[in-house]
Amino acid sequence: MVPKLSEEIFAQLNAKPFTFKDLETARAPLLADGHALGTPRPIIGRLEEKVVSGLIVSTPAEAPAKKKEPKKPEPAPAGVASYEDFAKVELRVGKILTAERVPKSDKLLKLSVELGEAQPRTIAAGIAEALSPEQVMGKRVVVVANLAKRTIRGIESNGMLLAAGEPATGLTLVEVPGEVPPGTRIK
């Protein structure tokens, strides 16, 4: 098909066909001024809808094409979170409004954390061995805001703080510097 198209184009230009060798020595313009052109006509004929329909009908029926299913990501190895899993985690800036020790617990602090919602959230955090209530009050911290509620020592905890380190050797809360408003999404 393509060689025939080239022949048709050269015929309409009223020019001899070029070879790659000819193109090496060719100079612009390829056709001289006043060169007489051949008779113009469509190079490729338009297919009418009836012709296309006829071609479709006369073609033997093939097995219906299978829909390509979107490629599913390979499951992550055990202990490794996939991107999709991590994307579900909603991290927000929280401001600790109040903090108090939980009676009969050496590890827990009961926190009231502002997340830009109508009411502050209560979060039970296992940081009391490393940090006192006074040390955490007023801090802007990173909170996992979409964690399922969980009752810990009778306290309904509605979130989780992020901290680095070990409670026995020292913890550091992951803090947000500056005056970033509570509830701001962390990306």
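The working numbering numbers the first residue of the sequence shown as 1254 and each following residue consecutively.
Glycine included, every Cβ here is placed at the ideal spot set by N, Cα and C.
Please read these numbers as outputs of a predicted model, since none were measured by experiment.
Legend entry - Segment contact flag, the segment 1395-1407 with the segment 1290-1310, C-beta cutoff 8 Å, min 3 pairs: no
Legend entry - Nearest-angstrom Cβ-Cβ length linking valine 1463 and valine 1346, presumed shorter than 8 Å: Residue 1463 falls outside the range modelled here, since the chain spans only 1254 to 1440, and no answer is possible.
Inset, instruction - Measure the CB-CB distance between leucine 1362 and proline 1435 and report whether it falls below 9 Å. - result: no
Legend entry - CA-to-CA distance, leucine 1424 to serine 1385, given in whole angstroms: One C-alpha to the other measures close to 11 Å.
Inset, instruction - With distances taken Cα to Cα, identify the nearest neighbour of proline 1430 among Gly1418, Gly1391 and Thr1422. - result: Selection Gly1418, Gly1391 and Thr1422 evaluated against proline 1430 yields Gly1391 as nearest (Cα-Cα).
Legend entry - Residue burial classification, valine 1304 (beta-carbon count within 10 angstroms, cutoff 16): exposed
Legend entry - C-beta atoms of alanine 1383 and alanine 1421 nearer than 9 Å: yes
Inset, instruction - To the nearest angstrom, report how far apart tyrosine 1336 and proline 1326 are at their CA atoms. - result: 10 Å
Inset, instruction - Just tell me which of Gly1332, Arg1406, Val1394 and Lys1348 has its CA closest to the CA of proline 1356. - result: Arg1406
Inset, instruction - In angstroms with no decimal places, state the Cα-to-Cα distance between leucine 1290 and glutamine 1265. - result: Here the alpha carbons of glutamine 1265 and leucine 1290 stand approximately 6 Å from one another.
Inset, instruction - Ignoring anything shorter than 4 residues or poking outside the segment 1332-1369, list the alpha helix (DSSP H) runs there in chain order. - result: 1336-1340
Legend entry - 8 Å Cβ shell around aspartate 1228 - same chain, five flanking residues per side excluded: Outside the shown range of the chain, which is 1254 to 1440, sits residue 1228, and nothing can be said about it.
Legend entry - Contact under 9 Å by Cβ, glutamate 1387 with alanine 1416: no
Inset, instruction - From the DSSP output, in three-state form, read off methionine 1307 for me. - result: At residue 1307 the sequence reads glycine, which differs from the methionine that was named. Glycine 1307 falls in the helix class under three-state DSSP.
Legend entry - 7 Å CB neighbourhood of threonine 1437 in its chain, flanking five on each side removed: Excluding sequence positions up to five before and after threonine 1437, its CB lies within less than 7 Å of the CB of Arg1345 and Val1346, all in the same chain and listed in chain order.
Inset, instruction - Just mark valine 1389 as buried or exposed, buried being the case when its beta carbon has 16 or more other beta carbons within 10 Å. - result: buried
Legend entry - Rounded straight-line distance, which links the Cα of phenylalanine 1339 to that of alanine 1331: 15 Å
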